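Asks: Residue 1029 in the numbering used here sits at position 344 of the sequence shown, and the numbers go up by one each step.
In this text, a Cβ means the ideal position worked out from N, Cα and C, and glycines have one as well.
None of the values given here were measured: they were computed from a predicted structure.
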Amino acid sequence: MNINKLKIINDPVHGFIKIPHEILFDVIEHPYFQRLRRIGQTGLLNLIFPGATHTRFHHALGAMHLMFTALETLKQKGISISVEEEKAAMLAILMHDVGHGPFSHALESMLMDDWHHENLSLLLMNRLNDEFNGELTLALEMFQGKYHRKFFNQLISSQLDVDRLDYLKRDSFFTGVSEGNINTERIVSMMNVCDDGELVIDAKGIYSIENFLTARMFMYWQVYYHKTSALAEFLLVKVLERAKHLISLGMKLPATENLSYFLYREKGEATDEDIFRFTQLDDNDVIQAMKLWQNSEDFVLSYYCKCVIQRNLPKTIISTQPFDESFINEKIKKTNDFFGIDNGDALVHEIKRKLLSYDIEKQPINLLQKNGQKIRLDQSQDQLLSGLLNTKTTRYIITFPREVS
686 MNINKLKIIN
696 DPVHGFIKIP
706 HEILFDVIEH
716 PYFQRLRRIG
726 QTGLLNLIFP
736 GATHTRFHHA
746 LGAMHLMFTA
756 LETLKQKGIS
766 ISVEEEKAAM
776 LAILMHDVGH
786 GPFSHALESM
796 LMDDWHHENL
806 SLLLMNRLND
816 EFNGELTLAL
826 EMFQGKYHRK
836 FFNQLISSQL
846 DVDRLDYLKR
856 DSFFTGVSEG
866 NINTERIVSM
876 MNVCDDGELV
886 IDAKGIYSIE
896 NFLTARMFMY
906 WQVYYHKTSA
916 LAEFLLVKVL
926 ERAKHLISLG
936 MKLPATENLS
946 YFLYREKGEA
956 TDEDIFRFTQ
966 LDDNDVIQAM
976 KLWQNSEDFV
986 LSYYCKCVIQ
996 RNLPKTIIST
1006 QPFDESFINE
1016 KIKKTNDFFG
1026 IDNGDALVHE
1036 IKRKLLSYDI
1046 EKQPINLLQK
1056 NGQKIRLDQS
1066 QDQLLSGLLN
1076 TKTTRYIITF
1086 PREVS
């Protein structure tokens, strides 16, 4: 049966997204990629911003669209890009998040030891490459930065890549936080390539880039590192941490088959069974488990799960300085007294969040001047904010039961 694979997808953020190559459709239809429909883009952010229910599937399609737009822009500026290179770059960015686990970054280390999502993405991309008879080989080279034209890898992963351009605009749209609403069209239209194959920005686009950097900073502190957002992500980790601890003590906990596999799994190198189980796992497994564990006989596990499922979140206080140890101990004592327990330290925590808005040492953003010379963004005479964004900022958040506040 002949299927028209050159589809058009209606996206709420970018409008109509074209699928210009059949292999892109084939990868999108694959179960590895379809699983991303059940992996949230922003974890539990919907507890704070109710509209933030979009998925990794949304984001991957959006990033693919921006890659296509960026390559079209570069072609118009005289950069030679073959059909095979275009196809590979779009495949690489399409699959860049295929290795994300349930609730993305929050549970990476808890469920899969130290398997970083980029390593898992690479592993699954290699498996897909085998299934598609080597059609993803060039995409894999670009993804790993092994392709000789380095601007392709910079479009996939750098301080100004299409991944960041999509998630900032998309997360801003779905959270309703307008400070993150960057002008992706303007930024993409300013992209260029130097003689040495490096991705640069036309100098006249400097303020769009500075706006992008400040928007990213605002989104981190206002959305991703919002004190309640940080708490929700932290609670997810504590839930799985507590569950694995109880299982190690011999307690039986109900869970779906695939989540149980990882909860009871011993540490070690990833096996074929591990990979298969991982590709069957999504946010629903964790949510179902927390619904069941609300009624656990273990007070701490039950407390954490009720916090998330019933959105009865603990109290949080944010500060630019670490909290005094005596203040923390006082909250622990009050927690023990109120609940009649002796392990209140399991419910009182200090969370730390750090952000470097613009790393001038790691893949700096360069501007292409009219004379053909390139200059680092923060060294441009026209820059207004870039020089102020290269300082690491740290915030401290203490969380404790609302009943003892």
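Roughly how many angstroms separate the alpha carbons of Ala-824 and Ser-1090, rounded to a whole number?
Replies: Between Ala-824 and Ser-1090, the C-alpha separation is close to 53 angstroms.
Asks: Give the DSSP-derived three-state secondary structure of Ile-960 in the structure shown.
Replies: In the structure shown, Ile-960 sits in a helix (DSSP, three-state: H, G or I).
Asks: To the nearest angstrom, how far is the alpha carbon of His-785 from that of His-743?
Replies: Between His-785 and His-743, the C-alpha separation is close to 14 angstroms.
Asks: Do you know how far the Cα of Glu-1088 is from the Cα of Phe-1023?
Replies: Their Cα atoms are separated by approximately 8 angstroms.
Asks: Anyone know if the C-beta pair for Asp-959 and Pro-787 falls short of 7 angstroms?
Replies: No. Outside cutoff.
Asks: Please state whether the Cβ-Cβ distance between Leu-808 and Leu-821 is less than 7 angstroms.
Replies: No; because the gap between Cβ atoms is not below 7 angstroms, this pair is not in contact.
Asks: Is DSSP giving Thr-822 helix, strand or coil here?
Replies: The answer is helix: DSSP assigns Thr-822 an H, G or I state.
Asks: My parser needs the alpha helix (DSSP H) runs of 4 or more residues fully inside the segment 972-1035; what are they?
Replies: DSSP runs (the alpha helix (DSSP H)) wholly in the segment 972-1035: 984-994, 1010-1024.
Asks: According to DSSP, is Lys-703 helix, strand or coil?
Replies: Here Lys-703 sits in strand by DSSP.
Asks: By the three-class DSSP mapping on this structure, what secondary structure does Gly-935 have?
Replies: The answer is coil: DSSP assigns Gly-935 none of H, G, I, E or B.
Asks: Report yes if the C-beta distance between Ala-737 and Phe-859 is below 7 angstroms; otherwise report no.
Replies: Taking 7 angstroms as the Cβ cut-off, Ala-737 and Phe-859 qualify as a contacting pair.
Asks: Helix, strand or coil: how does DSSP classify Ile-872 here?
Replies: The answer is helix: DSSP assigns Ile-872 an H, G or I state.
Asks: Could you pull the DSSP bridge partners for Lys-1039 from this structure?
Replies: Note: Lys-1039 sits in a beta bridge opposite Thr-1079.
Asks: Which one of Leu-1069, Asn-1075, Thr-913, Arg-1061 has the shortest CA to CA distance from Tyr-1043?
Replies: Of Leu-1069, Asn-1075, Thr-913, Arg-1061, the residue nearest in Cα terms is Asn-1075.
Asks: I'd like to know if the segment 1030-1041 and the segment 902-911 are in contact, where contact means that at least 3 CB-CB pairs between them fall below 8 angstroms.
Replies: The segment 1030-1041, when compared against the segment 902-911, does touch it at the 8 angstroms Cβ threshold.
Asks: Looking at C-beta atoms only, is the number of pairs between the segment 835-844 and the segment 869-885 that lie closer than 8 angstroms three or more?
Replies: Judged by Cβ distances under 8 angstroms, the segment 835-844 makes contact with the segment 869-885, as three or more pairs qualify.
Asks: Mark Phe-961 as exposed unless 16 or more other C-beta atoms lie within 10 angstroms of its C-beta, in which case mark it buried.
Replies: Phe-961 should be labelled exposed.
Asks: Express the C-alpha separation of Leu-751 and Glu-942 in angstroms, rounding to a whole number.
Replies: In a straight line, the C-alpha of Glu-942 is about 38 angstroms away from that of Leu-751.
Asks: Ser-765: buried (16+ other C-beta within 10 angstroms of its C-beta) or exposed?
Replies: Label assigned to Ser-765: exposed.
Asks: Report yes if the CB atom of Ile-932 is closer than 7 angstroms to the CB atom of Leu-944, and no otherwise.
Replies: Contact flag unset, no.
Asks: Under the rule that 16 or more other beta-carbon atoms within 10 Å means buried, what is Gly-768, buried or exposed?
Replies: In the sequence under discussion, the amino acid at residue 768 is Val, which differs from the Gly named in the question. Under this definition Val-768 is an exposed residue.
Asks: In or out: Lys-937 buried (at least 16 other Cβ within 10 Å) or exposed?
Replies: Looking at its Cβ environment, which holds fewer than 16 other Cβ atoms inside 10 Å, Lys-937 is exposed.
Asks: I need the DSSP call for Asn-804, collapsed to helix, strand or coil.
Replies: The answer is helix: DSSP assigns Asn-804 an H, G or I state.
Asks: With a Cβ-Cβ cutoff of 7 angstroms, do Asn-866 and Ser-874 count as a contact?
Replies: The answer is no: Cβ separation not under 7 angstroms.
Asks: To the nearest angstrom, how far is it from the Cα of Ala-955 to the Cα of Val-783?
Replies: Straight-line Cα distance between these residues: approximately 17 angstroms.
Asks: Flag Phe-1085 as yes if its beta-carbon sits less than 7 angstroms from any beta-carbon of chain D, otherwise no.
Replies: The structure shown contains no chain D, having only a single protein chain.
Asks: Can you tell which of Arg-996, Ser-1011, Ala-928, Lys-952 has the C-alpha that lies nearest to the C-alpha of Ala-974?
Replies: Selected option, being the one with the closest Cα: Ala-928.
Asks: Note down, in chain order, each residue of its chain lying with its Cβ closer than 8 angstroms to the Cβ of Phe-817, except the 5 sequence neighbours on either side.
Replies: So the list reads Ile-708, Asp-711, Val-712, once near-sequence residues are dropped.
Asks: I need the DSSP call for Gly-728, collapsed to helix, strand or coil.
Replies: Reduced to three states, the DSSP call for Gly-728 is coil.
Asks: With 16 other CB atoms within 10 Å as the buried threshold, where does Tyr-831 fall?
Replies: The identity of residue 831 in the sequence shown is Lys, whereas the question assumes Tyr. Lys-831 comes out exposed.
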